[in-house]
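So the structure is just underneath, and the comments pick up after that.
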Amino acid sequence: MEPDALESAQLLVRRAGRALARHGLLHAYGHCSMRLDADHFLVCASQPPGTIGFGVPGTVVPLAGDFPADLLGEVRIHREIYRRRPDIGGVVRAMPPKAMSLSTLRRTPRVLHGMGSYFHPGTPLWDDVQLLRSDAQAEALVAQMGAAPAIVMRGNGVVVAGPSLPDAVVLTWYLEDAARIELDCAAAGGQPAELTADEATRRATRAGRIFERMWDHLSHGDPEV
1 MEPDALESAQ LLVRRAGRAL ARHGLLHAYG HCSMRLDADH FLVCASQPPG TIGFGVPGTV
61 VPLAGDFPAD LLGEVRIHRE IYRRRPDIGG VVRAMPPKAM SLSTLRRTPR VLHGMGSYFH
121 PGTPLWDDVQ LLRSDAQAEA LVAQMGAAPA IVMRGNGVVV AGPSLPDAVV LTWYLEDAAR
181 IELDCAAAGG QPAELTADEA TRRATRAGRI FERMWDHLSH GDPEV
């Protein structure tokens, strides 16, 4: 990759990490990455993403070979997603609070509103609270995730994947909003209407800069831009 292109990727990863932190989607724990080419991805620096300062580089990680010893263990999840899913360009490992609360009930957000439609027919649950720090665990989680845009980990946050890193950030926000709707409806004692397959398919559009506008909102105010 050309140096200018790599620096642009580094800046995008820093912006994404800070946006996720600024909007409460992760905290001390969490990370994000983007695919660089068929054989490498770039993951943010191994520190709380909200604390990543100007020019702090992430790490370029090869998809082949042994896992680098100096990386956070759960970056294995990113590597396995990029290995299995050539359509994926960005991955977020986050700790959104509403999705976390819902997961302790062994539930994931149902498809109840427009922004939830991108997760139809539903988001799988990884029913294990342990940290994923082995290749075997990462392989099992990504196998269960399948072609879904996200998987919720019981009591342990979420993993979200998209065609680009900005898309993955936006989908993380959408998933958390879907969990908020779910918990609000439960608190109200109501029985919300789930979107039908036809409603969800028609609503899950990318026309009209839907994703781009949300990315602009989430990344607005970044000090490095």
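Counting in UniProt numbering, the sequence shown runs from 1 upward without gaps. Cβ atoms here follow ideal geometry from the backbone N, Cα and C, with glycine treated the same way. Remember, predicted model here, so these are calculated numbers, not experimental data.
Simplified DSSP state of residue i, which is helix, strand or coil
{"i": "Thr-201", "result": "helix"}
{"i": "Ala-99", "result": "helix"}
{"i": "Gly-90", "result": "strand"}
{"i": "Thr-104", "result": "coil"}
{"i": "Ala-64", "result": "coil"}
{"i": "Ser-33", "result": "strand"}
{"i": "Thr-196", "result": "coil"}
{"i": "Ala-188", "result": "helix"}
{"i": "Gly-53", "result": "coil"}
{"i": "Ala-69", "result": "coil"}
{"i": "Ala-207", "result": "helix"}
Residue i: first and last residue of the uninterrupted beta strand (DSSP E) it sits in
{"i": "Gly-17", "result": "Element bounds for Gly-17: not the beta strand (DSSP E) but the alpha helix (DSSP H), 3-22."}
{"i": "Leu-42", "result": "40-43"}
Check: residue i C-beta below 6 angstroms from any heavy atom of the ligand HEM
{"i": "Ala-193", "result": "You won't find the ligand HEM in this model; it holds no ligand whatsoever."}
Residues bridged to residue i [DSSP beta-bridge criterion]
{"i": "Trp-126", "result": "Met-153"}
{"i": "Thr-59", "result": "Val-43"}
Expected contact under 8 angstroms - CB spacing of residue i and residue j to nearest Å
{"i": "Leu-102", "j": "Ala-179", "result": "5 angstroms"}
{"i": "Val-111", "j": "Glu-194", "result": "6 angstroms"}
{"i": "His-31", "j": "Pro-49", "result": "7 angstroms"}
{"i": "Leu-175", "j": "Val-160", "result": "6 angstroms"}
{"i": "Leu-12", "j": "Met-34", "result": "6 angstroms"}
{"i": "Leu-165", "j": "Gly-114", "result": "At roughly 23 angstroms, the Cβ-Cβ gap does not stay under 8 angstroms, so Leu-165 and Gly-114 are not in contact."}
Terminal residues of the alpha helix (DSSP H) in which residue i lies
{"i": "Arg-79", "result": "75-84"}
{"i": "Val-142", "result": "135-145"}
{"i": "residue 252", "result": "For the chain, the structure presents residues 1 to 225; residue 252 sits outside this window and is missing."}
Any alpha helix (DSSP H) of 4 or more consecutive residues that is wholly inside the segment 158-186: none
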